[in-house]
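**Student:**
Number of protein chains: 2
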Amino acid sequence: MTYCVGMMLNAGLVFMSDTRTNAGLDNISTFKKMTCWETSGERAITLLSSGNLATTQAVVSLLDERTQAHDERDPSILGAPSMFQAARMVADTLREVIAQHDAAGQQADSAFGATLILGGQIKGGPPRLFMIYPEGNFVEASTDTPFFQIGETKYGRPILVRAYDPEMSFEEAMKLLLVSFDSTVKANLSVGAPFDFHLYRKDALRIETGGRIEQEDSYFKLVSQGWGDALKNALDSLPDFSLER
Amino acid sequence: MTYCVGMMLNAGLVFMSDTRTNAGLDNISTFKKMTCWETSGERAITLLSSGNLATTQAVVSLLDERTQAHDERDPSILGAPSMFQAARMVADTLREVIAQHDAAGQQADSAFGATLILGGQIKGGPPRLFMIYPEGNFVEASTDTPFFQIGETKYGRPILVRAYDPEMSFEEAMKLLLVSFDSTVKANLSVGAPFDFHLYRKDALRIETGGRIEQEDSYFKLVSQGWGDALKNALDSLPDFSLER
Chain A
569 MTYCVGMMLN AGLVFMSDTR TNAGLDNIST FKKMTCWETS GERAITLLSS GNLATTQAVV
629 SLLDERTQAH DERDPSILGA PSMFQAARMV ADTLREVIAQ HDAAGQQADS AFGATLILGG
689 QIKGGPPRLF MIYPEGNFVE ASTDTPFFQI GETKYGRPIL VRAYDPEMSF EEAMKLLLVS
749 FDSTVKANLS VGAPFDFHLY RKDALRIETG GRIEQEDSYF KLVSQGWGDA LKNALDSLPD
809 FSLER
Chain B
569 MTYCVGMMLN AGLVFMSDTR TNAGLDNIST FKKMTCWETS GERAITLLSS GNLATTQAVV
629 SLLDERTQAH DERDPSILGA PSMFQAARMV ADTLREVIAQ HDAAGQQADS AFGATLILGG
689 QIKGGPPRLF MIYPEGNFVE ASTDTPFFQI GETKYGRPIL VRAYDPEMSF EEAMKLLLVS
749 FDSTVKANLS VGAPFDFHLY RKDALRIETG GRIEQEDSYF KLVSQGWGDA LKNALDSLPD
809 FSLER
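Chains as they are written, first to last, in my numbering: chain A, 569 to 813; chain B, 569 to 813.
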């Protein structure tokens, strides 16, 4: 399992992904699920992936190779004229990879499936955020649905739904996401730290701020431990139920 | 889908269940998923059910019939000498019903499955709480795992994990459960109000306090609306992430 979130803010885009992959409960590994491409001053694109690791790595490798071999027949994500075209390219690549694996005769239920979040900005357009399905179609975030989650989405969703605000700063958004990730980690063994993040400032058109939050990160520990007390205080702030009704 | 919680407190047991059942998205109904049996002064037992409605209703009907026909061969839940024996009886009944439906030749994947929460107290023993699986086995709550959830458990779990305290009063527990149910209802269309509840006071040995919380209940509305602000305040109380690390 996996947990990744891509979020639109007025200030730009925020991405966070966990790094745990597992084949069964007794075989866990750490893999980066976030990939960034940039042409400084012209575009910055981030991809988050969940699902079959062989599939998502193949997708990323294919997209990577195309950015290096400048071949007209295989358009590169660094050559896409718009974020919409970039999303189509990624979606087509995803569908191709899944179809190849399926065609090889394996029949496991959606075993090769993967779901992706793609976001970024290309000069001349606004920042855009997409969720790409294994079928190769995709949807775009809007003010009604300003963030996407993939993987183990349920535990961390209520806090996002309640506390998301498009006006929030990157600093506040990081706090919110770490609370959401912490709630998920506490409930599902197949999601785990470290967490990768990328904060894309609107109109930056390059990668400025990113990094990795380790399990032992002092700020993450503070949030993880402080959140329990903060929640209890929040609950205390509401009036108790009355048995006399 | 369904959402039910059974919880052990030092003060006694708390039960809450939603009432929405659905066959597809376009066919929803309201059914009570909580059943109580009592012999005043001697025992009080509560059952919460999730899963196939035909299965859970058959289980409840069979258990009910046995309490009315005093037949030695079919021991009644009102005659069980202990909560453990009551749990065995319910588990056996559940397994029987599922086996009958399966034997009729239907082969849908666990389509007839159901999971139950059983809790209560019988004179001479302490209050006990069990989760009963479709296979007919069951586990008991303890101080390490003091509550059980069945149905759509994920959205409402983080707040229970963080804010549960065995010392809490019934009034505080109701508030906590309504927040947990509200988080679930907001995220999953197949869970819905009204919510049934039963507050079993330790050593009462009868049903004292129970009822139904409607969607329009003024206290529920207060909790539902107040919780968003309370969560935002809780998040504000934690220090922001620093981009300079």
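We put the CB at the ideal spot given by N, CA and C, even for glycine.
In the DSSP assignment, what are the bridge partners of VAL582/A?
**Tutor:** Answer is MET575/A and LEU767/A.
**Student:** Jot down the residue ranges of each uninterrupted beta strand (DSSP E) in the segment 682-733 of chain A, minimum 3 residues, whole runs only, in chain order.
**Tutor:** The segment 682-733 of chain A contains these whole beta strand (DSSP E) runs: 682-690, 696-700, 706-708 and 715-719.
**Student:** For the alpha helix (DSSP H) that contains MET602/A, what are its first and last residues?
**Tutor:** Taken as a continuous stretch (DSSP letters only), MET602/A belongs to no alpha helix (DSSP H), being part of the beta strand (DSSP E) at 602-607.
**Student:** Who are the Cβ neighbours of ASP660/B in its own chain at under 8 Å, not counting the five residues just before and after it?
**Tutor:** If we look at ASP660/B and ignore the five residues flanking it on each side, its Cβ neighbours are GLY704.
**Student:** Could you give the first and the last residue of the continuous beta strand (DSSP E) run that contains GLY779/A?
**Tutor:** Segment 777-781, the beta strand (DSSP E) holding GLY779/A.
**Student:** What are the start and end residues of the alpha helix (DSSP H) that includes ILE814/B?
**Tutor:** With chain B running from 569 to 813 in the structure shown, residue 814/B is simply not present.
**Student:** For the alpha helix (DSSP H) holding GLY796/B, just list the boundary residues, first then last.
**Tutor:** First-last of the alpha helix (DSSP H) with GLY796/B: 786-805.
**Student:** Taking 8 Å as the cut-off, does the CB of GLU664/A come closer than this to any heavy atom belonging to the ligand GTP?
**Tutor:** The model depicted lacks the ligand GTP and carries no ligand whatsoever.
**Student:** Could you spell out where the alpha helix (DSSP H) holding SER748/B opens and where it closes?
**Tutor:** Taken as a continuous stretch (DSSP letters only), the alpha helix (DSSP H) holding SER748/B covers 738-755.
**Student:** Should THR570/A be labelled buried (16 or more other beta-carbon atoms within 10 Å of its own) or exposed?
**Tutor:** The residue in question, THR570/A, is buried, as its Cβ has 16 or more Cβ neighbours within 10 Å.
**Student:** Any idea which residues DSSP pairs THR589/B with across the strands?
**Tutor:** Beta-bridge pairing links THR589/B to SER597/B.
**Student:** Return no unless some Cβ of chain B is closer than 9 Å to the Cβ of PRO734/A.
**Tutor:** So no, PRO734/A is outside the interface.
**Student:** From PHE809/B, PHE749/B, LYS722/B and ILE718/B, pick the residue whose C-alpha is nearest to that of PHE738/A; which is it?
**Tutor:** When each option's Cα is compared against that of PHE738/A, the closest is PHE809/B.
**Student:** State the start and end residues of the unbroken alpha helix (DSSP H) segment that holds LEU621/B.
**Tutor:** 621-636 is the extent of the alpha helix (DSSP H) around LEU621/B.
**Student:** Any beta carbon of chain A sitting closer than 9 Å to that of SER678/B?
**Tutor:** Its pLDDT being 49, under 50, SER678/B is placed unreliably in this model, and the value from its coordinates should be taken loosely. Output row for SER678/B: interface = no.
**Student:** So for THR661/B, helix, strand or coil by DSSP?
**Tutor:** Looking at THR661/B - three-state DSSP - the assignment turns out to be helix.
**Student:** Looking at C-beta atoms only, is the number of pairs between the segment 745-756 of chain B and the segment 720-728 of chain A that lie closer than 8 Å three or more?
**Tutor:** With the cut-off at 8 Å, the segment 745-756 of chain B and the segment 720-728 of chain A touch.
**Student:** When the Cα of GLN717/A is compared with those of ALA671/A, ALA772/A, ILE596/A and SER617/A, which residue comes out closest?
**Tutor:** Ranking the options by Cα distance to GLN717/A, first place goes to SER617/A.
**Student:** Just to confirm, are LEU744/B and MET736/B a CB contact at a threshold of 9 Å?
**Tutor:** Their beta carbons are under 9 Å apart, which means LEU744/B touches MET736/B by this criterion.
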